[in-house]
Amino acid sequence: MIIRSSDKVLVQGITGRQGTFWTERMQEYGTNVVAGVNPKKAGTIHCGVPVTASAVEAMEQVGFDYSVLFIPPMLVKGAALDAIEAGAKGVCILTEHIPVRDVMYIMSAAKERGVQILGPNTAGCVTPDEGFLGFMPAFNSKIFKKGHIGILSRSGSLGTLFCLNVVSAGFGQSAFIGIGGDPIIGTTARDALMALDQLPQTKAIVMVGEIGGTMEEEAAQYAASMAKPVIAFIAGGAAPAGKKMGHAGAIVVGNKGTYKSKRDALEAAGVSVLDTPAGAVDVLRERLDGIA
């Protein structure tokens with residue numbers, strides 16, 4: 040999911056504390072927030088936009104492209120299905136600790152209707168100088184600047200670190216996509232890699248992965264066909280086998296999802312795999328040959 044300045048955004052849960060704070064930040068940055076949802080406050084104005092009873096009602100009244108959810112775990116299923124039914128192009132689900140059964144139902148409904156899902160348990164997405172969804176610090180010029188490096192990350196904090204390092208070195212981002220750290224997510228590492236590759240302003244891509252699952256191995260299959268350079272960092276290289284580390288998705292079973300299996304697959308695809316996050320800048324300079 041790559042947000043553009045022309046995209047219309049709906050905020051579900053807009054009147055809550057976090058919904059209000061981040062809606063204001065998104066608006067200040069230029070995100071085109073057109074409405075919010077809170078059934079108990081329908082008909083009011085909040086953050087300068089109308090509050091509706093549902094996403095379906097918002098679509099009928101003002102129309103929107105993407106919805107971002109500031110919704111508690113047990114209410115996410117209903118909110119996401121509302122946005123899907125309304126005809127959203129995509130739904131950004133920030134919430135973690137959503138019941139797995141609910142997540143599976145959401146993914147099935149989204150697939151049936153052709154709706155993109157970002158998350159759950161994502162920090163959101165950023166397109167510098169255009170807009171952002173979620174709670175990444177897009178407004179901090181030390182972390183985000185318009186440029187040519189696409190960044191995708193399972194971790195919001197590690198993603199922020201790489202964005203900071205990229206900007207500190209004089210580069211900038213074409214877009215950032217936080218795919219989320221849960222075992223079941225809508226936008227995979229491969230999906231995000233493809234989206235960034237197809238974005239014309241992207242000259243190189245940094246992929247921040249973790250042990251657990253097979254997303255990085257699947258992304259490697261696509262990376263092998265790419266002309267643009269890809270650089271990767273896999274967190275959890277020192278984790279004991281069979282231990283869950285950090286995110287719910289970071290679980291290793293047998294030989295699948297291990298640091299070695301991911302690194303081997305990526306390197307076989309021509310991806311430069313970093314030992315530490317600090318090495319990203321030097322590799323970018325080398326692979327881009329001075330392009331900023």
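Position in the sequence shown (from 1) plus 39 gives the number in the working numbering. Every residue, glycine too, gets a C-beta built ideally from N, C-alpha and C. In this text, all values refer to a predicted model and were calculated from it rather than measured experimentally.
query                                                                                                                                    : result
If we count the other Cβ atoms within 10 Å of its Cβ and call it buried at 16 or more, is Met11 buried or exposed?                       : Only positions 40 to 331 of the chain appear in this structure, which leaves residue 11 out of reach.
Skipping 5 residues on each side, what residues in its chain have a beta carbon closer than 7 Å to that of Val95?                        : Asp121, Glu124 and Ala125
Express the C-alpha separation of Arg43 and Val130 in angstroms, rounding to a whole number.                                             : 14 Å
Reducing DSSP to helix, strand and coil, say where Gly186 ends up.                                                                       : strand
Which residues bound the beta strand (DSSP E) around Gln240?                                                                             : Here Gln240 belongs to no beta strand (DSSP E), and DSSP marks it neither H nor E.
Suppose only complete runs of 4+ residues qualify. What are the alpha helix (DSSP H) ranges in the region 81-165, listed by chain order? : 94-100, 115-125 and 139-152
Could you check what DSSP says for Phe178 in three-state terms: helix, strand or coil?                                                   : coil
I'd like to check one pair, Ala162 with Val245: are the Cβ atoms closer than 8 Å?                                                        : no
With distances taken between CB atoms, is the gap from Pro316 to Leu200 smaller than 8 Å?                                                : yes
Report buried or exposed for Thr241, applying the criterion of at least 16 other Cβ atoms within 10 angstroms of its Cβ.                 : buried
Is it buried or exposed for Arg56, if we count other Cβ within 10 angstroms and need 16 for buried?                                      : exposed
Helix or strand or just coil, what does DSSP make of Lys6?                                                                               : With the chain covering 40 to 331 only, the question about residue 6 has no answer from this structure.
Out of Gly220, Ala127 and Met98, point me to the one whose CA is closest to Gly252's CA.                                                 : Gly220
Is the separation between the beta-carbon of Leu191 and that of Leu235 shorter than 8 Å?                                                 : yes
To the nearest angstrom, how far is it from the Cα of Ile223 to the Cα of Lys128?                                                        : 20 Å
So which of Phe174, Gly225 and Gly87 has the shortest CA-CA distance to Glu151?                                                          : Gly225
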